[in-house]
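Asks: My structure is below; once you've seen it, I'll send some questions.
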Amino acid sequence: MAVAILTMTSERAGVVDFLGPFMRSRWSILINHPPVASKAFKIYEPFDVYTWLFTCVCIGLTGLVLYLLNYYSPFSAWNMRLPGAISDEVSFVENMWFAMRSMLLQRESVLALHTNQQG
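FYI, in full-length UniProt numbering the residues of the sequence shown are 1 to 119.
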């Protein structure tokens, strides 16, 4: 049996049986706690507002460029009138959604139509 001022750690608790605090002190320290932010927006904390804004602008520009390339390209399956081609290839909304999915690393639900088929 011993009496000492020790900090309870997991390593010490494996060797020694602690009883816990035997006396409470009336002395206390007043500190100002920072305001608690909403947990709904914690995901946005790692980056600055301008970084998120620039990321959104880049996704929008990527979707716009993809739309323009698909719409005006003579080699797209839709413009070549290939069987099995769907209008989603030249859709602005679909190209914006593709850019967003690429940023979020989501799988593509519809496989692209390949024009070069060997076999």
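Quick reminder that beta carbons are idealized off the backbone N, C-alpha and C, glycines included. Only a predicted model underlies this, so the values are computations on that prediction, with no experimental measurement involved.
If you reduce the DSSP assignment to three classes, tell me which class A13 lands in.
Replies: A13: helix per DSSP, three-state reduction.
Asks: If you draw a straight line from the C-alpha of T55 to the C-alpha of W97, how long is it?
Replies: Approximately 15 Å between the Cα atoms of the pair.
Asks: Could you compute how far the alpha carbon of E89 sits from the alpha carbon of Y71?
Replies: Each residue's Cα considered, the two are about 8 Å apart.
Asks: Do G63 and N95 have their C-beta atoms within less than 8 Å of each other?
Replies: Yes, Cβ-Cβ distance for G63 and N95 is below 8 Å.
Asks: First and last residue of the alpha helix (DSSP H) that includes E94?
Replies: Where E94 is concerned, the enclosing alpha helix (DSSP H) stretches over F92 to M103.
Asks: I need the DSSP call for W78, collapsed to helix, strand or coil.
Replies: Note: W78 maps to coil in three-state DSSP.
Asks: Leaving aside the five residues before and after A99 along the sequence, list all residues of the same chain whose C-beta is less than 7 Å from its C-beta, in chain order.
Replies: I59, T62, G63 and L66, listed in sequence order.
Asks: Can you look up L6 in the DSSP assignment and give me helix, strand or coil?
Replies: The answer is coil: DSSP assigns L6 none of H, G, I, E or B.
Asks: My understanding is that N79 touches S73, with C-beta atoms under 8 Å, so please give their C-beta distance in whole angstroms.
Replies: Contact holds; Cβ gap of about 6 Å.
Asks: Where does V36 sit, in a helix, a strand or coil, going by DSSP?
Replies: If DSSP states are grouped into helix, strand and coil, V36 belongs with coil.
Asks: Ends of the alpha helix (DSSP H) at G60?
Replies: First-last of the alpha helix (DSSP H) with G60: V49 to Y72.
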